[in-house]
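Residue numbers (the numbering used here): 1388 to 1541. Down below is the structure, laid out as structure tokens.
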Amino acid sequence: MSPEALITILILAIPIYFLCKWTLNKWEIGNPKSRKLTAIIPTIILSPLAYVGMIVIWMMSVSYYPTKKFNKAEWDTNIEGRYTMSKNIIKSEMLIGKTKEEVIEILGEEFSIYDEEHIAYYLGFVPSMLGIDPDVLDIYFENGKVIKVSQHET
């Protein structure tokens, strides 16, 4: 464990200790002399848990991004921000059952072709902790109609 982590846990332990001591006094748990020592036990347990909780909250906030409804004008002009509309495209199933020509009419002509049954549209870089590659919107066809739409990091 790094020294920074230990220092952070110790800093968190101070208010946690006083909170535990206050709780023991409020609920009159134990005798007044033993409450100081009794407050140390939950402090030892809760301080590392609070540290882990802070890290989890920070990671969730770093990888958050807003989502928007699909807007063709914005899709065409904001190429790096297309990822904000991808969830709406997938969840609304707006492309399911459409032909390749209809998809191109909706999403535009700038796409990558993997094969006759699979094309992909560039979405930009989705905010995430370890996101170093851009995402793409994969569109799968069967018998000339869209059967599946998904998103993945390249």
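Note that CB positions come from ideal geometry on N, CA and C, so glycine has one too.
Compute the minimum distance between the beta carbon of I1526 and the heavy atoms of the ligand NAD, and state whether it is under 7 angstroms.
With respect to the ligand NAD, the structure shown offers nothing to examine, as it has no ligands at all.
Nearest CA to the CA of G1531: which residue from L1397, I1491, I1427 and G1495?
Residue I1491 is the option with its Cα nearest to G1531.
Hey, could you find the ends of the alpha helix (DSSP H) K1459 is sitting in?
Run containing K1459: K1459 to T1464, per the alpha helix (DSSP H) assignment.
Based on the DSSP secondary-structure assignment, which residues constitute the bridge partners of D1502?
Answer is H1505.
Tell me the DSSP secondary structure of T1486 in three-state form.
If DSSP states are grouped into helix, strand and coil, T1486 belongs with the strands.
Tell whether a beta-carbon distance below 8 angstroms holds between Y1438 and A1392.
Going by C-beta atoms, Y1438 is nearer than 8 angstroms to A1392.
To the nearest angstrom, how far is the alpha carbon of L1411 from that of L1397?
Whole-angstrom Cα-Cα distance: 21 angstroms.
Could you give the first and the last residue of the continuous beta strand (DSSP E) run that contains V1523?
Taken as a continuous stretch (DSSP letters only), the beta strand (DSSP E) holding V1523 covers D1522 to E1529.
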